[in-house]
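Peer 1:
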Amino acid sequence: MTESSSSHYQVLRVAVTATEKEIKVAYRRAARKAHPDHGGDAATFRRVTAAYETLIDPQRRKAYDRSYAAGTSRGSSAGAGPHFDAPAAGSHASATVHRSGNARNTAGDAPIYVPPYKDAETAGVPLVPFAQARQQVHGTPRKRGIFGAEARIQRELRTVQLLTRQVLPAIPAARLVNGLQSPADNSHIDHAVLSGYRLALVNSMLLPKGAYAWNGRTLNHGGRAVAPPQLAGVVRAMQDIFPELNVTGWTVVLSPEGNVHEPVIDHHRRTAGA
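Structural data, given as structure tokens:
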């Protein structure tokens, strides 16, 4: 039996009697191994994702079991038409569709929703209305605690404006969510940009005009060292929560005047033993 004809259970290496917990554990293991950003194969990752989405949903799993037992597995013709890089089951992010032939997907392609909203009549009412799903920006910077720092909120608003003008128009499938709290430890996440299986967590900092040197840990200027927001912990936590995504952290450095070319930052490598 070839990989393309393997059943969803074989793809995840679970028994047909596997429980929901066993399927989730198997998916996390298979997704990490097959993820393209971790040296895996894109086609294998798509099969793993498709298998998980089907088996984790009780109704879809029941229908799949019936069709597969009858010899009409949906995977038998998967190579003939379009296939999808779909988000995890239960999520509502737009996915990337791959068409047969020489056509390649680009960041500027229109978003593809999985499952399609046109199938809502047969699949049931979607959890996220289409009017909301098609919006590229969700949420706003918010106060933290009783007193909100006005300067911080204004800085976050500038970051939203920058991402909205410079990033979102080039990636129609991207979704920007602002004012989040990490489900892992309730720490604050200023912004999150989701596109396909990539999730970028974004914080920002405001620096005076000048030339800065980045040594891998701090920005240095005039004998003063400034540390950027610490994102490693929240990135690691979100990666654990969403193993099917590639989670990264980014810091946007803003200038008081709003010039996107300032401040100037040069990369200086740290010396050995420093």
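For the sequence shown, the working numbering gives the first residue as -6, with consecutive numbering after it. We put the beta carbon where it would ideally sit given N, CA and C, even for glycine.
#1: Counting pairs of Cβ atoms below 8 Å between the region 189 to 196 and the region 129 to 138, do you hit three or more?
#2: How long is the line joining the alpha carbons of E250 and P122, rounded to whole angstroms?
#3: For W243, I'd like the list of residues in its chain whose CB is within less than 6 Å of its CB, leaving aside the five on either flank, ordered along the chain.
#4: Do I182 and V227 have their C-beta atoms within less than 8 Å of each other?
#5: Give the secondary structure of G226 by DSSP, where H, G and I count as helix, E and B as strand, and everything else as coil.
#6: Distance check for T152 and E143, CA to CA, integer angstroms please.
#7: The ligand GDP and P104: does the residue's C-beta get closer than 7 Å to at least one heavy atom of that ligand?
#8: Kindly list the residues whose CB is nearer than 8 Å to the CB of T157, restricted to its own chain and excluding five residues on each side of it in sequence; keep chain order.
#9: Between the C-alpha atoms of D233 and P222, what's the straight-line distance to the nearest angstrom?
#10: Contact defined as beta carbons within less than 8 Å: I believe A230 pairs with A185. What is the distance between those atoms, to the nearest angstrom?
#11: To the nearest whole angstrom, what separates the beta carbons of H1 and A56, a pair I think is in contact under 8 Å?
#12: Sort R25, I49, Y205 and G33 by Cα distance to K14 and report the nearest one.
#13: Our contact map puts T211 next to G172 with C-beta atoms below 8 Å; I'd like the distance itself, whole angstroms only.
#14: When you compare each of V9, L238 and H261 to K26 by their alpha carbons, which one comes out closest?
Peer 2: Short version:
#1: no
#2: Position 257 of the sequence shown, counting from 1, holds the residue named residue 250. Position 129 of the sequence shown, counting from 1, holds the residue named residue 122. C-alpha separation (whole angstroms): 39 Å.
#3: Taking the first residue of the sequence shown as 1, we reach residue 243 at position 250. Closer than 6 Å at the Cβ level, and outside the excluded window around W243, lie A193 and V195.
#4: Residue numbering aside, residue 182 sits at position 189 when the sequence shown is read from its first letter. Residue numbering aside, residue 227 sits at position 234 when the sequence shown is read from its first letter. Taking 8 Å as the Cβ cut-off, I182 and V227 qualify as a contacting pair.
#5: Translated into the one-based positions of the sequence shown, residue 226 becomes position 233. In this structure, G226 counts as helix in the three-state DSSP scheme.
#6: Walking along the sequence shown from the start, residue 143 turns up at place 150. Walking along the sequence shown from the start, residue 152 turns up at place 159. About 14 Å.
#7: Ligands displayed in this structure: none; no statement on the ligand GDP is therefore possible.
#8: Position 164 of the sequence shown, counted from the first residue, corresponds to residue 157. These residues qualify, in order along the chain: Q129, V130 and L169.
#9: The count along the sequence shown starts at 1 and reaches residue 233 at position 240. The count along the sequence shown starts at 1 and reaches residue 222 at position 229. Taking the straight line joining both Cα atoms gives about 20 Å.
#10: In the sequence shown, counting from the first residue as 1, residue 230 sits at position 237. In the sequence shown, counting from the first residue as 1, residue 185 sits at position 192. Actually they do not touch by this definition, with Cβ atoms about 13 Å apart.
#11: Stepping through the sequence shown from its first residue, residue 1 is reached at position 8. Stepping through the sequence shown from its first residue, residue 56 is reached at position 63. Wrong, their Cβ atoms sit about 12 Å apart, outside the cutoff.
#12: In the sequence shown, residue 14 corresponds to position 21, counting from 1. Nearest option by C-alpha distance: I49.
#13: The sequence position of residue 211 within the sequence shown is 218, counting from 1. The sequence position of residue 172 within the sequence shown is 179, counting from 1. 27 Å between Cβ atoms; not a contact.
#14: Stepping through the sequence shown from its first residue, residue 26 is reached at position 33. It is L238 whose Cα lies nearest to the Cα of K26.
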